[in-house]
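Under this note's numbering, the letters of the sequence shown match residues 8 to 269, in that order. Cβ atoms here follow ideal geometry from the backbone N, Cα and C, with glycine treated the same way.
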Amino acid sequence: MTAEAALARLLLALADNKRLLGIRYSDWILGAPSIEAGIAASSMAQDEWGHSRLTYALLADLGNDPRALEHERPAEAYASWEGLDAAWPDWFDVLAANLLFDAALAESYAALGAGGYGPARSRIQKMLDEEAYHREHALGWVETLRRGTAVAVLRDRLTAWLPAVARWFGREEDPGWAELRQRGWIGWGPEEMRARWLATVAPALERVGVPGVEPRGGAWALVAPLDWSGWDPTRRRAAPGGPDPDTLARVRGDRNRALLVE
8 MTAEAALARL LLALADNKRL LGIRYSDWIL GAPSIEAGIA ASSMAQDEWG HSRLTYALLA
68 DLGNDPRALE HERPAEAYAS WEGLDAAWPD WFDVLAANLL FDAALAESYA ALGAGGYGPA
128 RSRIQKMLDE EAYHREHALG WVETLRRGTA VAVLRDRLTA WLPAVARWFG REEDPGWAEL
188 RQRGWIGWGP EEMRARWLAT VAPALERVGV PGVEPRGGAW ALVAPLDWSG WDPTRRRAAP
248 GGPDPDTLAR VRGDRNRALL VE
C-alpha cells in the first residue's frame, strides 16, 4: 500500500464517521430532554457535517471525487463504525457517543494534524477548537447525571460502548499505518491514539463507576483485552453491513438529490 492510499483510507474513515455522527446528533434536535440540549445537538451536528465536508474535500488531492463519495456510494462502501448504523433509542446513547466516540474522532484528527501532510494540518486546528465544546458538553452531562438515579443507566451504556469504541482505533499492524509513519503524515499510531483517548475519557468514566478502565503504570488502561474477531481494518468496523436504509438516504441526501448544488 502506498502512503497516498493509506492517507486516503484514513481520511475516508474520518469523513464518513463525522458525517454519520452528525446524522445521529441531528436525530435529537427535537427529541432532546430540554430545549437547550436540542440546541446543543444541533450545534454539534452542524460541526460534524462541516468537518466531514472539509475532510471529503481533502480526498480530491488524492485522486478521489468528493461529490461521488458524499452522494453516490452504497452502504457497504462506507468506512463507518457500526455504532452509527441506526438511530439510537435514547439520550443515553447520545451521551455515550458524545463522551467516547466524538473524543475518539478528535484524537484521530489530532494525530493527523501532528503529521506533516500540509493540506490537513491547515484545517484541523479549527476542527479541534470546535471539538473542545463537544467535550465540555459531554462532561457537563456526566456531572449532572452522576448525582442522580439516572447514573446507573449512563454507567451501563458507557460500559457497553467502551470496548467497541476503543477497538475503532485499530491495530498497529493494520495496513497503512507503517506507510503513514514512514512518510511523516501521522503524528502517532493507533496504540498511542487509544492511550491518549483513554487519558481524556477515563477520568469521567471512573466518576460514574464504569468498570472497564483502571490506572496502570501511571496511565489509564482497559481492564480487558479487546476482541478483534471480525475486525475489518479497511472499513474500521467489526460487523458487516453499513448504515441502514433510512440513514443512508439521509447521509447521501437522496431526498434532495435534484437540488444538489456544488
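Notebook entry, point to check: Using DSSP with H/G/I as helix, E/B as strand and the rest coil, what is residue 238?
Noted result: coil
Next item on the list: Determine, using beta carbons only, whether residue 23 and residue 115 come nearer to each other than 8 Å.
Entry: no
Notebook entry, point to check: Would the beta-carbon of residue 99 fall within 8 Å of that of residue 160?
Noted result: yes
Note to self: For a cutoff of 8 Å on Cβ pairs, would you count residue 97 as touching chain D?
What the structure shows: Considering every chain present, this structure includes no chain D. It has just one protein chain.
Check: What are the boundary residues of the alpha helix (DSSP H) that includes residue 258?
Finding: 252-259
Note to self: Considering only the alpha carbon of each residue, which of 40, 241, 236 and 93 lies closest to residue 183?
What the structure shows: 241
Next item on the list: Under 8 Å by Cβ, that's how I've got residue 66 and residue 117 pegged, so tell me the actual separation to the nearest angstrom.
Entry: Going by Cβ atoms, the distance from residue 66 to residue 117 rounds to 20 Å, so no, they are not a contact pair.
Notebook entry, point to check: Hey, which unbroken runs of the beta strand (DSSP E) at 3 residues or more fall wholly within the region 162-216?
Noted result: none
Checklist line | Whole-angstrom distance between residue 189 and residue 181, CA atom to CA atom | finding: 15 Å
Note to self: Give me, in chain order, the residues of the same chain whose beta-carbon lies closer than 6 Å to that of residue 32; leave out the 5 immediate sequence neighbours on both sides.
What the structure shows: 48, 51 and 52
Notebook entry, point to check: Terminal residues of the continuous alpha helix (DSSP H) containing residue 222?
Noted result: Careful: residue 222 lies outside any alpha helix (DSSP H), inside the beta strand (DSSP E) at 220-223.
Next item on the list: Please state if the CB of residue 245 and the CB of residue 178 are separated by a distance shorter than 8 Å.
Entry: no
Notebook entry, point to check: Quick one: complete alpha helix (DSSP H) runs, 4+ long, within the region 61-125?
Noted result: 73-78, 98-103 and 109-120
Next item on the list: Mind checking which residues open and close the alpha helix (DSSP H) that includes residue 12?
Entry: 10-33
Notebook entry, point to check: Assuming residue 112 and residue 21 make a contact with CB atoms under 8 Å, what is their CB distance in whole Å?
Noted result: 7 Å
Item checked: Rounded separation between residue 165 and residue 211 - CA only -> 10 Å
Checklist line | residue 246, DSSP secondary structure in three states | finding: coil
Check: From which residue to which residue does the beta strand (DSSP E) around residue 233 run?
Finding: No beta strand (DSSP E) holds residue 233; DSSP gives it neither H nor E.
Notebook entry, point to check: Where does residue 39 fall in DSSP's three states?
Noted result: coil
Check: For residue 230, does the count of other Cβ atoms within 10 angstroms reach 16, so buried, or fall short, so exposed?
Finding: exposed
Note to self: Let me make sure I understand the geometry here. Which of 123, 204 and 201 has the alpha-carbon closest to that of residue 186?
What the structure shows: 123
Next item on the list: Find the nearest neighbour of residue 204 within the set 227, 140 and 216, judged by alpha-carbon distance.
Entry: 227
Margin query: Less than 6 Å between C-beta atoms, sequence neighbours within five positions excluded: which residues of the same chain meet that for residue 29?
Written below: 52, 55 and 56
Check: Who are the Cβ neighbours of residue 64 in its own chain at under 8 Å, not counting the five residues just before and after it?
Finding: 73
Next item on the list: Determine the DSSP secondary structure at residue 159, reduced to helix, strand or coil.
Entry: helix
Note to self: In the DSSP output, which residue or residues are listed as bridge partners for residue 56?
What the structure shows: Beta-bridge pairing links residue 56 to no other residue.
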